[in-house]
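Q:
Number of protein chains: 2
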Amino acid sequence: MSMELSDIQVCGRSVKKCLADIEAFHGFTAPGLVLGAFMVDWAQELLGDDVEADAIVETHHCLPDAIQIFTPCTFGNGWMKVLDWDKFALSLYDKKTLTGYRVWLDLEKARQFPNLYNWYMRLAPKKDLPLEVMVETVVNANRDALSYGPIRVTQFHAPLKKGNTEICPGCGEAYPTAQGTQCLTCQGQGYYELQQ
Amino acid sequence: MSMELSDIQVCGRSVKKCLADIEAFHGFTAPGLVLGAFMVDWAQELLGDDVEADAIVETHHCLPDAIQIFTPCTFGNGWMKVLDWDKFALSLYDKKTLTGYRVWLDLEKARQFPNLYNWYMRLAPKKDLPLEVMVETVVNANRDALSYGPIRVTQFHAPLKKGNTEICPGCGEAYPTAQGTQCLTCQGQGYYELQQ
C-alpha cells in the first residue's frame with residue numbers, strides 16, 4: 001500500500017495502525033474489518049464525541065470485532081449486541097435517547113469498486129482478490145461504498161438482565177430458573193460429552 | 197492488593213497486568229473477568245500450548261470478554277461461540293479433535309470464599325463487596341473455587357457458514373435468502389425506525 005493510503009486516518013489512528021490493531025485482536029487482517037473501521041469511523045463522527053454509545057451489529061461475521069476494536073463496546077460488557085442476520089451493517093446510538101446512525105455497505109455504490117463488490121458478493125475466487133488488493137480497494141473506497149441513515153432503536157437496546165438463578169439439582173451449578181427445574185445441560189441439550 | 201497477590205501469574209501475565217488489560221478492553225474491572233482469567237488459565241494449561249483452541253462460553257455476561265482478552269478467540273473471528281445459558285462456565289477445545297476442557301465456578305468449593313459465593317449468588321448488596329475486596333478474594337481463591345472436566349464437544353463447533361445471499365428487493369442490501377423473499381428488516385422485524 002502506498003505511503004499516502006496507509007497514512008489515512010480512521011477511528012483516530014492511521015490505516016497502518018488500524019491494520020496492526022485488527023491483526024492483534026482478530027488474529028489476521030480481514031478486509032471486512034478494514035471496511036468495518038470506516039463504518040465505525042463514520043457512525044462515530046455522525047454521533048459526536050460526547051455521546052455514550054451502544055452498538056448493534058447485524059452479522060456474526062467479522063464486523064463485531066470492528067466494534068470491539070474501535071469502540072468501547074464489547075460483547076461481554078453488553079454495550080454491543082449482535083444479530084445473526086448476515087447483513088453488513090452496524091448501528092451506533094446514544095444509549096440514553098436511543099437515537100443514532102446505521103451505516104451499511106451500499107451495494108449500488110460498491111459497484112464502482114468491482115473488487116469490493118465481487119469480494120462481498122463472492123463473485124470472484126479468493127485467490128484473485130488477495131489481502132493486499134482488498135485492503136487497498138477498501139481504503140481507496142473509504143466512505144464511497146457506504147451509506148448511513150439516522151435511526152431510533154426500537155428493540156435489542158435493553159441491558160441484559162440476569163433472571164432468577166438457583167442451584168441446578170442435576171449438576172450443582174447455578175442456572176436461570178427460567179430454563180425449568182434443571183439447567184439445559186442436565187435436560188440433555190448440552191454441547192459436550194464428559195470424557196474419562 | 198498486596199505486592200504478592202498482584203504479582204501472581206495468570207494467562208502469562210501478572211495479575212496487575214491482567215487488571216489493566218481487562219480495564220482497557222472491557223471498560224472497567226469486573227470481578228467476573230478476573231475469575232474468568234483464572235478459568236482461561238486453567239483450561240489453557242490443561243489443553244497445552246501446542247493446541248489450536250476454540251472456545252465456548254456459557255453466558256453472555258462478562259465471561260466472553262475473558263476469552264477475548266486472554267485467548268486468540270473472538271466473537272468476530274468465530275473461534276468463540278457464546279451460549280445465552282447464564283452459567284459461569286467456559287470450554288477450550290482442540291478444534292481438530294473436538295476434545296478439551298470445561299472449567300466452571302464450583303459453588304460447593306466457592307462456599308469457602310463467602311465474598312465470592314455471596315457475590316455470585318447475589319446474596320450481598322454490591323456496596324458490601326467493593327471491587328478491591330472482590331479482586332483480592334478472587335485472586336486468593338485462584339483455582340480453589342473452580343472445577344474442570346475433560347469433554348468432547350458435540351455441537352456448536354462448526355464454523356459459521358454464510359448461506360446463499362441475494363439482494364433484498366426491499367432495501368437493496370445483501371441478505372441471506374434463507375430469511376425469505378425479503379430481509380428480516382423489510383419483513384418488519386428490524387430494530388430501528390428511520391428518523392428524518
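Going down the list, the protein sequences come from chains S and D. According to this note's numbering, the first sequence is numbered sequentially starting from 1. According to this note's numbering, the second sequence is numbered sequentially starting from 197. Just so it is clear, CB atoms sit at the ideal spot from N, CA and C, and this is done for glycine as well.
#1: Is it the case that the Cβ atoms of D217 of chain D and I265 of chain D are separated by a distance below 8 Å?
#2: Which residues in the same chain as H60 of chain S place their Cβ atom closer than 7 Å to its Cβ, once the five residues preceding and following it in sequence are excluded?
#3: S202 of chain D lies in the beta strand (DSSP E); which residues open and close that run?
#4: Can you have a look at G244 of chain D and say buried or exposed, based on whether 16 or more other CB atoms are within 10 angstroms of its CB?
#5: Taking Q205 of chain D as the reference, give the member of D:D237, D:H353, D:F221 with the closest Cα.
#6: Below 8 Å between beta carbons: does that hold for M39 of chain S and P64 of chain S?
#7: Check whether the Cβ atoms of D106 of chain S and A145 of chain S lie closer than 8 Å to each other.
#8: Using a C-beta to C-beta distance shorter than 9 Å, which residues of chain D count as neighbours of E108 of chain S?
#9: So what's P130 of chain S in DSSP terms, helix, strand or just coil?
#10: Using a Cβ-Cβ cut-off of 8 Å, state whether S287 of chain D counts as contacting chain S.
#11: Along the segment 253-284 of chain D, where does the CB come closer than 8 Å to a CB of chain S? Name the residues.
#12: Thinking C-alpha only, which one of S:A124, S:A30, S:N77 is nearest L160 of chain S?
#13: Using a 10 Å radius around the Cβ and a threshold of 16 neighbouring Cβ atoms, would you call E52 of chain S buried or exposed?
#14: Comparing alpha-carbon positions, which option in D:M317, D:Y344, D:Y313, D:V331 lies nearest Q196 of chain S?
#15: Rounded to the nearest angstrom, what separates A89 of chain S and G359 of chain D at their Cα positions?
#16: Closer than 7 Å between beta carbons: that is the criterion. Which residues of the segment 179-192 of chain S meet it against chain D?
#17: Can you tell me whether T137 of chain S is helix, strand or coil according to DSSP?
A: Taking the coordinates as given:
#1: yes
#2: V82, D84
#3: Per DSSP, S202 of chain D belongs to no beta strand (DSSP E); it is in the alpha helix (DSSP H), 199-203.
#4: exposed
#5: D:D237
#6: no
#7: yes
#8: G368
#9: coil
#10: yes
#11: H256, H257, C258, L259, P260, D261, A262, Q264, P268, T270, F271, G272, N273, G274, W275, V278, L279, W281, D282, K283, F284
#12: S:N77
#13: exposed
#14: D:Y344
#15: 17 Å
#16: C183, L184, Y191, Y192
#17: helix
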